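A.B. asks: The structure under discussion is supplied below as structure tokens; questions concerning it will follow.
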């Protein structure tokens, strides 16, 4: 199972964190951008070239420390088809370096459209009779609020192809409670009901560590709900955004982990990519600054989790 692979990589590196690769040109050092513009002019091709250069250097600097990366599709799509090519090459490069890849696409649809998303990001596409992988990620974030119709096209890839998904359950944004904290007629909060659905959807794909291929996105910015859902969803692995730039701290996310110290992977994006700006160091040291940040994050999370056990 894909979630087993992720947990094995987390254990191997003793690091339950994932680096989000959500690049914008403003995050990228000037010397990289200048080189790309000299090659391609002020074009989408130059933006994609700069992004790929930036991503590869970051991956080189952190791949021995961090088990996974999480590229967010929107930050590549905004740079046209050249940006999407950079996404494809980023995923391939991370795999070359032995990293687990979670594509953050939050895809959401039903029927044949969701089948197409599933084939593109996790499965294979029929190319004139020959199957071929388009992006070949290990996991994909999905918006499951359409219900089972939007998840069914993914279940065979989870059960038979060792892939995983992370469904939005309790998101980290300030307005998430407008819908997710409302209560159904039986008194269950909407986010808890969605979590229960994740447990059901993953029931046939529980791996050797006790977690299924259907994970949940649960924000570090809501520590009480995070701890509540960990107890409620014993077989659902958590992807935890909101650490760092969004305000979530290590102490607030300890509830995401089980008694064995597993059960979640914590994301940080801007704090890693822009570490050189926070440190105010030479921009040519951006990759080394990112390395220092992921080490700090690893130690911060591990310290909090161990002290809570």
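Numbering (the working numbering), first residue to last: -16 to 292.
Cβ coordinates follow ideal geometry from the N, Cα and C atoms, glycine included.
It should be emphasised that the depicted structure is a prediction, and the values quoted were computed from it without experimental measurement.
1. Among residues of its own chain, excluding the 5 on either side of residue 208, which ones have a beta-carbon nearer than 6 Å to its beta-carbon?
2. Identify, in the order they occur along the chain, each residue of the same chain with its Cβ nearer than 8 Å to the Cβ of residue 129, setting aside the five sequence neighbours on each side.
3. Measure the Cβ-Cβ separation of residue 255 and residue 268 and say whether it is below 7 Å.
4. Please go through the same chain and pick out, in chain order, the residues whose beta-carbon is closer than 7 Å to the beta-carbon of residue 123, but skip the five residues on each side of it.
5. Hey, which unbroken runs of the beta strand (DSSP E) at 3 residues or more fall wholly within the region 167 to 231?
6. Could you give the distance in angstroms between the alpha-carbon of residue 70 and the alpha-carbon of residue 210?
7. Pick helix, strand or coil for residue 88, following the three-state DSSP scheme.
8. Do residue 273 and residue 234 have their C-beta atoms within less than 7 Å of each other?
9. Using only the alpha-carbon positions, how far apart do residue 98 and residue 137 sit?
10. Considering residue 136, what are the terminal residues of the alpha helix (DSSP H) in which it resides?
11. From what residue to what residue does the alpha helix (DSSP H) around residue 109 run?
12. Could you tell me whether any non-hydrogen atom of the ligand NAP is closer than 6 Å to the CB of residue 283?
13. List the endpoints of the continuous beta strand (DSSP E) containing residue 247.
14. Check whether the region 185 to 204 touches the region 237 to 249, counting contact only when three or more Cβ pairs, one atom from each stretch, lie closer than 8 Å.
15. For a minimum of 3 consecutive residues, which ranges assigned as the beta strand (DSSP E) are wholly contained in the region 19 to 87?
16. Check the C-beta distance from residue 49 over to residue -4 and give it rounded, since I have them as a contact under 8 Å.
17. Taking the alpha helix (DSSP H) that residue -11 falls in, what are its first and last residues?
18. If you drop the 5 nearest sequence neighbours on each side, which residues of the same chain put their C-beta closer than 6 Å to that of residue 132?
19. Three Cβ pairs or more, each shorter than 8 Å: is that satisfied between the region 56 to 76 and the region 31 to 47?
20. Can you give me the C-alpha to C-alpha distance between residue 23 and residue 34, rounded to a whole angstrom?
21. Assuming residue 27 contacts residue 63 (C-beta within less than 8 Å), just tell me the rounded distance between them.
22. State the Cα-Cα distance for the pair residue 196 and residue 21, rounded to the nearest angstrom.
23. Who pairs with residue 123 in a beta bridge, going by DSSP?
C.D. replies: Looking at the atomic coordinates:
1. Residue numbering aside, residue 208 sits at position 225 when the chain shown is read from its first letter. Close CB contacts of residue 208 within its chain, under the 6 Å cut and outside five residues either way in sequence, are with 153 (chain order).
2. Your numbering for residue 129 matches position 146 in the chain shown. Counting only Cβ-Cβ distances below 8 Å, and skipping sequence neighbours, we find 91, 92 and 93.
3. For this step, residue 255 is matched to residue 272 along the chain shown. For this step, residue 268 is matched to residue 285 along the chain shown. No. Outside cutoff.
4. Looking up residue 123 in the chain shown gives position 140. For residue 123, the CB contacts under 7 Å within the same chain, skipping 5 residues up- and downstream, are 86, 88, 90, 104, 105 and 148 in chain order.
5. Taking only runs of at least 3 residues, the beta strand (DSSP E) segments lying wholly in the region 167 to 231 are 197 to 201 and 221 to 223.
6. Position 87 of the chain shown, counting from 1, holds the residue named residue 70. Position 227 of the chain shown, counting from 1, holds the residue named residue 210. If you draw a straight line from the Cα of residue 70 to the Cα of residue 210, it comes to about 33 Å.
7. Counted from its first residue, the chain shown places residue 88 at position 105. Of the three classes helix, strand and coil, the one that applies to residue 88 here is strand, per DSSP.
8. As a working mapping, residue 273 is identified with position 290 in the chain shown. As a working mapping, residue 234 is identified with position 251 in the chain shown. It is not a contact, given that the beta carbons lie outside the stated cut-off.
9. As a working mapping, residue 98 is identified with position 115 in the chain shown. As a working mapping, residue 137 is identified with position 154 in the chain shown. Distance between the alpha carbons of residue 98 and residue 137: 7 Å.
10. On the chain shown, residue 136 is found 153 positions in, with the first residue counted as 1. Counting along the chain, the alpha helix (DSSP H) containing residue 136 begins and ends at 135 to 143.
11. The count along the chain shown starts at 1 and reaches residue 109 at position 126. From DSSP, residue 109 is part of no alpha helix (DSSP H) but of the beta strand (DSSP E) over 108 to 110.
12. Within the structure as shown, the ligand NAP is missing, as the structure has no ligands at all.
13. Along the chain shown, one-based indexing puts residue 247 at 264. Element bounds for residue 247: 247 to 251.
14. At 8 Å Cβ cutoff, the stretches touch.
15. Here the runs fully enclosed are 51 to 54.
16. As a working note, residue 49 is residue 66 in the chain shown. As a working note, residue -4 is residue 13 in the chain shown. Contact flag correct, Cβ pair sits at about 7 Å.
17. Translated into the one-based positions of the chain shown, residue -11 becomes position 6. From DSSP, the alpha helix (DSSP H) with residue -11 extends over -15 to -4.
18. In the chain shown, counting from the first residue as 1, residue 132 sits at position 149. Cβ within range, chain order: 93.
19. Here the region 56 to 76 makes contact with the region 31 to 47; the two share three or more CB pairs at distances below 8 Å.
20. Locating residue 23 in the chain shown gives position 40, counting from the first residue. Locating residue 34 in the chain shown gives position 51, counting from the first residue. Roughly 13 Å separates the two Cα atoms.
21. Taking the chain shown and counting its residues from 1, one reaches residue 27 at position 44. Taking the chain shown and counting its residues from 1, one reaches residue 63 at position 80. Residue 27 to residue 63, Cβ: 4 Å. Contact.
22. On the chain shown, residue 196 is found 213 positions in, with the first residue counted as 1. On the chain shown, residue 21 is found 38 positions in, with the first residue counted as 1. Between the C-alpha atoms of residue 196 and residue 21 there is a straight-line separation of about 45 Å.
23. Sequence index remark: in the chain shown, residue 123 carries index 140 (1-based). Paired residue(s): 86 and 148.
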